[in-house]
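Chemist:
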Amino acid sequence: MKNLVLALTLVLTSLSLAPTLAVAQSGPLRIEITDGVIEPLPYAVPDFVAESAGAGQLARDIARVVAADLSGTGLFREISKDAFISSITNFESPVQFADWKAINAQALISGAVSVDASGNIAVKFRVYDVFAGQELGNGLRFRGTQEGWRRMAHKVADAVYSRITGESGYFDSRVVYVSETGPKDDRKKRLAIMDYDGANLKFLTDSNSIVLAPRFSPSGDRVLYTSYETGFPRVFILDIGSVTRRVLEAQSGDMSFAPRFSPDGRSVVYSITDGGNTDIYRMEIATGTRTRLTSAPSIETAPSFSPDGTKIVFESDRSGTQQLYVMSATGGEAQRISFGQGRYGTPVWSPRGDLIAFTKQNKGRFHIGVMRTDGSEERLLTASFLDEGPTWAPNGRVIMFTRETQGANGAASLYSVDVSGRNLKPVRTQGGGSDPSWSPLQQ
Amino acid sequence: MKKHLGKSALLLAFLAVSACTNPNAAGGGLFGGGGSGAAAGDFQPGSASDPRSPAYFQQTIGDRVLFAVDQSTLTDQGRAVLTAQANWLITNSDYMAVIEGHADEQGTREYNLALGARRANAVKEFLVSQGIASNRLKTITYGKERPIEICSAEACYTQNRRAVTVISAGLLS
Chain A
14 MKNLVLALTL
24 VLTSLSLAPT
34 LAVAQSGPLR
44 IEITDGVIEP
54 LPYAVPDFVA
64 ESAGAGQLAR
74 DIARVVAADL
84 SGTGLFREIS
94 KDAFISSITN
104 FESPVQFADW
114 KAINAQALIS
124 GAVSVDASGN
134 IAVKFRVYDV
144 FAGQELGNGL
154 RFRGTQEGWR
164 RMAHKVADAV
174 YSRITGESGY
184 FDSRVVYVSE
194 TGPKDDRKKR
204 LAIMDYDGAN
214 LKFLTDSNSI
224 VLAPRFSPSG
234 DRVLYTSYET
244 GFPRVFILDI
254 GSVTRRVLEA
264 QSGDMSFAPR
274 FSPDGRSVVY
284 SITDGGNTDI
294 YRMEIATGTR
304 TRLTSAPSIE
314 TAPSFSPDGT
324 KIVFESDRSG
334 TQQLYVMSAT
344 GGEAQRISFG
354 QGRYGTPVWS
364 PRGDLIAFTK
374 QNKGRFHIGV
384 MRTDGSEERL
394 LTASFLDEGP
404 TWAPNGRVIM
414 FTRETQGANG
424 AASLYSVDVS
434 GRNLKPVRTQ
444 GGGSDPSWSP
454 LQQ
Chain B
5 MKKHLGKSAL
15 LLAFLAVSAC
25 TNPNAAGGGL
35 FGGGGSGAAA
45 GDFQPGSASD
55 PRSPAYFQQT
65 IGDRVLFAVD
75 QSTLTDQGRA
85 VLTAQANWLI
95 TNSDYMAVIE
105 GHADEQGTRE
115 YNLALGARRA
125 NAVKEFLVSQ
135 GIASNRLKTI
145 TYGKERPIEI
155 CSAEACYTQN
165 RRAVTVISAG
175 LLS
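Those protein sequence lines, which keep their order, are chains A and B. The first sequence runs 14 to 456 under my numbering. The second sequence runs 5 to 177 under my numbering.
1. Under 7 angstroms between the Cβ atoms of Pro-246/A and Phe-270/A?
2. Could you spell out where the beta strand (DSSP E) holding Gln-119/A opens and where it closes?
3. List the residues of chain B that Ser-284/A touches, going by C-beta distances under 9 angstroms, in chain order.
4. Can you look up Ser-138/B in the DSSP assignment and give me helix, strand or coil?
5. With 9 angstroms as the C-beta to C-beta threshold (strictly closer), list the residues of the stretch 148 to 163 of chain B near chain A in chain order.
6. Quick check: what's the CA-CA separation for Leu-83/A versus Ser-175/A?
7. Can you pull out the residues from the stretch 71 to 103 of chain B whose beta carbon lies closer than 9 angstroms to at least one beta carbon of chain A?
8. Within a Cβ cutoff of 6 angstroms, which residues of the same chain sit near Thr-169/B, ignoring the five residues on either side of it in sequence?
9. If you measure from the beta carbon of Ile-223/A to each beta carbon in chain B, is any gap under 7 angstroms?
10. Where Leu-6/A and Pro-360/A are concerned, what is the direct C-alpha to C-alpha distance, given to the nearest angstrom?
11. When Cβ atoms are compared, which residues of the stretch 334 to 354 of chain A fall closer than 7 angstroms to chain B?
12. Starting from the C-beta of Ser-76/B, find all residues in its chain whose C-beta is less than 6 angstroms away, skip the five residues before and the five after it, and write them out in chain order.
13. Is the shortest distance between the beta-carbon of Ile-171/B and the beta-carbons of chain A less than 7 angstroms?
14. Cβ closer than 9 angstroms: which chain A residues qualify as neighbours of Asn-125/B?
15. Measuring only the C-alpha atoms, how far is Gln-264/A from Asp-129/A?
16. Would you mind listing the beta strand (DSSP E) stretches within the stretch 392 to 419 of chain A that are 3+ residues and don't spill past its ends, in chain order?
17. For a contact meaning CB atoms closer than 8 angstroms, what does Asp-129/A contact in chain B?
18. Beta carbons nearer than 9 angstroms to chain B: which residues of the stretch 232 to 252 of chain A have them?
19. Which residue marks the beginning of the alpha helix (DSSP H) containing Ala-425/A, and which one marks its end?
20. Given this structure, state the Cα-to-Cα distance separating Glu-91/A from Val-73/B, to the nearest angstrom.
21. Closer than 8 angstroms by beta-carbon distance: list the chain A residues that pair up with Thr-178/B, in chain order.
22. Can you name the residues of chain B whose CB is closer than 9 angstroms to the CB of Glu-328/A?
23. Going by CA-CA distance only, name the one from Gln-109/A, Ile-298/A, Pro-59/A that's closest to Asp-95/A.
24. Per DSSP, what kind of secondary structure is Leu-225/A in: helix, strand or coil?
25. Under a Cβ-count criterion, where at least 16 other Cβ atoms within 10 Å of its own Cβ denotes burial, should Ala-31/A be classed as buried or exposed?
26. With DSSP collapsed to three states, give me the class of Ser-447/A.
27. From the DSSP output, read off the bridge partner residues of Tyr-190/A.
28. Work out the CA separation of Gln-354/A and Asn-375/A for me, nearest whole Å.
29. Using a Cβ-Cβ distance cut-off of 7 angstroms, determine whether Arg-122/B contacts chain A.
30. What in chain D is Cβ-close to Asp-198/A, meaning under 9 angstroms?
31. What first and last residue would you give for the beta strand (DSSP E) that runs through Tyr-241/A?
32. Suppose contacts are defined by Cβ-Cβ distances below 7 angstroms. Is Asn-117/A in contact with Pro-53/A by that definition?
33. Tell me the start and end of each unbroken beta strand (DSSP E) in the stretch 44 to 115 of chain A that is at least 3 residues and wholly inside, in chain order.
34. Would Pro-439/A be called buried (16 or more neighbouring beta carbons within 10 Å of its own) or exposed?
35. Just the C-alpha distance for Thr-343/A and Leu-427/A, rounded to the nearest angstrom, thanks.
36. Could you give the DSSP three-state label for Ile-154/B: helix, strand or coil?
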């Protein structure tokens with residue numbers, strides 16, 4: 014098999030022309046995510062300059078968060094401050110490119126932070142292509158509250174990432190997941206929300222009822238999830254701002270689970286179990302109107318919309334084992350797309366529309382994988398005792414999922430991996446975690 | 005619905021207590037057979053020695069059936085247990101039951117919910133075929149959320165792939 018790992022090629026070209034405004038596409042400093050050799054791009058990010066009294070700590074903290082974001086991708090490698098020859102003490106002073114070249118910093122990020130009288134902060138930054146000796150794109154400035162300082166750092170990092178890779182970023186995003194504590198036979202589960210990097214954790218439910226598989230709305234303001242609060246598994250919808258929730262359907266007696274929003278946020282696809290049979294339904298949230306999309310005696314569950322809203326990928330065991338199928342968003346005939354060995358479940362359409370992520374179970378192991386939307390070019394990105402439940406970063410380049418360890422002391426935690434299969438790493442959470450759902454980029 | 009669950013939880017709590025504190029519970033309940041065989045004076049209404057008690061149902065009749073990997077078909081042994089459950093429910097007609105379907109950890113969360121529902125429903129359908137009114141039976145799936153055995157080996161998985169009939173004192177609502 015050809016090495017299917019998507020790789021990075023570092024393309025460095027010098028342009029004699031000054032960079033245009035469309036820097037992300039044409040800047041001289043560029044990481045292209047493509048097949049090839051991977052060499053993380055060395056960069057330097059000195060402490061940001063404090064431009065007002067009392068901004069010193071923020072200036073240092075923001076630079077650290079920017080560096081953590083960039084290095085966390087595996088595409089960038091930060092050069093230690095110990096190696097610095099120059100320092101940046103004035104945001105407007107000319108950059109001594111030779112000093113940064115000497116330590117092989119290909120990109121340099123400078124920034125400044127000020128706090129105004131009302132306590133709001135302003136963050137500005139510039140990115141330099143050190144070897145070309147020029148700025149990459151134009152400097153940008155963000156303003157916000159002091160409590161929101163991490164978001165501003167993430168926005169700086171998103172802009173840097175975007176200028177150098179040509180892809181949109183994903184750092185200014187959140188994750189809703191199920192926080193887990195306690196032993197395997199008495200596990201307590203609560204809905205929790207945090208920044209993508211684990212900061213700013215907040216609980217959305219208590220641990221009195223089992224909660225499962227939260228899913229963000231396309232605008233990031235609401236969450237669908239399954240709760241046993243009524244005594245039976247039912248789909249709930251929760252408003253994040255007010256932390257208020259309600260059962261999606263007033264009708265009792267059915268068990269419902271595996272919800273997901275449509276791309277316009279106006280309807281929900283989910284499973285209802287009636288008797289022993291589980292099928293997929295669609296509900297308009299505003300009216301409560303329910304449409305049945307599948308009617309087979311087999312298990313149909315885990316539906317996920319294509320980003321254009323025209324199709325739904327789901328899992329079914331109609332062939333005898335769990336496999337993936339694609340049907341129209343209005344139901345009807347479904348095409349099977351998974352044909353490899355083993356069982357396939359929890360399909361999720363990439364926000365870019367090009368790939369479907371899934372869980373694969375084969376020979377006692379679990380994998381997170383991706384395939385094209387027609388089922389071709391299957392690639393497995395992970396392998397372990399139990400990996401499941403992929404969710405896509407807003408730019409479709411990174412996947413977060415649940416990994417559960419084996420045995421009586423087994424515990425679940427969150428992991429992320431590049432769609433290339435590289436950069437597998439745990440996601441920081443307080444205690445155990447499962448069933449992550451990645452938000453869109455915040456506005 | 006909440007009411008029934010509340011009562012059912014109370015009953016379960018009572019069972020747990022009686023199992024710990026009553027030295028006769030294991031001997032009389034598990035091996036002594038029907039309460040009629042228990043020595044006079046030992047008989048405690050509601051305890052496992054009372055054949056009309058949910059404790060008796062759980063310990064003597066047998067409250068659960070097990071399933072093969074990814075299956076919801078009842079085994080011969082399962083059918084024998086369920087026949088006894090049905091007889092008990094016919095005799096004790098004021099009780100209701102919630103049938104809980106469970107799966108082992110080897111499977112994705114959503115699929116296991118659907119599989120647990122299939123298992124619970126297989127039990128319900130069998131009990132109905134034995135003459136139990138379907139409005140006395142509710143089903144619920146827990147998927148892989150409530151294992152009773154925690155090792156990651158077949159010895160535990162086999163106990164976790166289960167459907168448990170939980171007797172509740174609720175009147176029909």
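Every residue gets a Cβ at the ideal spot worked out from N, C-alpha and C, and that includes glycine.
Modeler: Put simply:
1. Position 233 of the first sequence, counted from the start, is the residue given in the question as residue 246/A. Position 257 of the first sequence, counted from the start, is the residue given in the question as residue 270/A. Yes, the pair counts as a contact, with Cβ atoms nearer than the cut-off.
2. As a working mapping, residue 119/A is identified with position 106 in the first sequence. Here Gln-119/A belongs to no beta strand (DSSP E), and DSSP marks it neither H nor E.
3. Residue 284/A sits at position 271 when you count from the first residue of the first sequence. Glu-114, Leu-117, Ala-118, listed in chain order.
4. Here residue 138/B refers to the residue found at position 134 when the second sequence is read from its first residue. Helix at Ser-138/B.
5. Glu-149, Arg-150, Pro-151, Ile-152, Glu-153, Ile-154, Cys-155, Ser-156, Ala-157, Cys-160
6. Translated into the one-based positions of the first sequence, residue 83/A becomes position 70. Translated into the one-based positions of the first sequence, residue 175/A becomes position 162. Distance between the alpha carbons of Leu-83/A and Ser-175/A is about 11 angstroms.
7. Asp-74, Ser-76, Val-102
8. The residue you call residue 169/B lines up with position 165 of the second sequence. Contacts found: Asp-67, Gln-89, Ala-101, Ile-103.
9. Here residue 223/A refers to the residue found at position 210 of the first sequence. Ile-223/A counts as touching chain B.
10. Nothing can be reported for residue 6/A: it is not among the residues displayed for chain A, which extend from 14 to 456.
11. Gln-335
12. Position 72 of the second sequence holds residue 76/B. Cβ neighbours of Ser-76/B beyond the five flanking positions: Arg-122, Arg-123, Ala-126.
13. Looking up residue 171/B in the second sequence gives position 167. Output row for Ile-171/B: interface = no.
14. Taking the second sequence and counting its residues from 1, one reaches residue 125/B at position 121. Correct list: Thr-286, Gly-288, Gly-289, Asn-290.
15. Translated into the one-based positions of the first sequence, residue 264/A becomes position 251. Translated into the one-based positions of the first sequence, residue 129/A becomes position 116. C-alpha separation (whole angstroms): 53 angstroms.
16. 400 to 405, 411 to 417
17. Position 116 of the first sequence, counted from the first residue, corresponds to residue 129/A. Result: empty, since nearest Cβ-Cβ is about 48 angstroms, beyond 8 angstroms.
18. Thr-239, Tyr-241, Thr-243, Gly-244, Phe-245, Pro-246
19. One-based indexing of the first sequence puts residue 425/A at position 412. Element bounds for Ala-425/A: not the alpha helix (DSSP H) but the beta strand (DSSP E), 425 to 431.
20. What you label residue 91/A is simply residue 78 of the first sequence in a count that begins at 1. What you label residue 73/B is simply residue 69 of the second sequence in a count that begins at 1. Near 49 angstroms, if we compare the C-alpha coordinates of Val-73/B and Glu-91/A.
21. Absent from the model: residue 178/B. The displayed extent of chain B is 5 to 177, so no value can be given.
22. By 1-based counting over the first sequence, the position of residue 328/A is 315. Neighbours of Glu-328/A on chain B, chain order: Thr-112, Glu-114, Tyr-115.
23. Mapped onto the first sequence, residue 95/A falls at position 82. Measuring from the Cα of Asp-95/A, the nearest candidate turns out to be Pro-59/A.
24. The sequence position of residue 225/A within the first sequence is 212, counting from 1. Reduced to three states, the DSSP call for Leu-225/A is strand.
25. Translated into positions along the first sequence, residue 31/A becomes position 18. Model confidence at Ala-31/A stands at a pLDDT of 29, short of 50, so the residue's coordinates are unreliable and nothing is read from them.
26. Numbered from its first residue, the first sequence carries residue 447/A at position 434. Ser-447/A: strand per DSSP, three-state reduction.
27. One-based indexing of the first sequence puts residue 190/A at position 177. Answer by DSSP bridge pairing, in chain order: Ala-205/A.
28. The sequence position of residue 375/A within the first sequence is 362, counting from 1. The sequence position of residue 354/A within the first sequence is 341, counting from 1. Roughly 7 angstroms separates the two Cα atoms.
29. One-based indexing of the second sequence puts residue 122/B at position 118. Yes, Arg-122/B lies at the interface with chain A (some Cβ there is under 7 angstroms from its Cβ).
30. In the structure shown, chain D cannot be found, because the protein chains are A and B.
31. The residue you call residue 241/A lines up with position 228 of the first sequence. Here Tyr-241/A belongs to no beta strand (DSSP E), and DSSP marks it neither H nor E.
32. Here residue 117/A refers to the residue found at position 104 when the first sequence is read from its first residue. Here residue 53/A refers to the residue found at position 40 when the first sequence is read from its first residue. Not closer than 7 angstroms, so no.
33. 54 to 57, 89 to 91
34. In the first sequence, counting from the first residue as 1, residue 439/A sits at position 426. Per the 10 Å Cβ criterion, exposed.
35. Taking the first residue of the first sequence as position 1, residue 343/A is located at position 330. Taking the first residue of the first sequence as position 1, residue 427/A is located at position 414. Computed Cα separation, rounded: 33 angstroms.
36. Translated into the one-based positions of the second sequence, residue 154/B becomes position 150. In this structure, Ile-154/B counts as coil in the three-state DSSP scheme.
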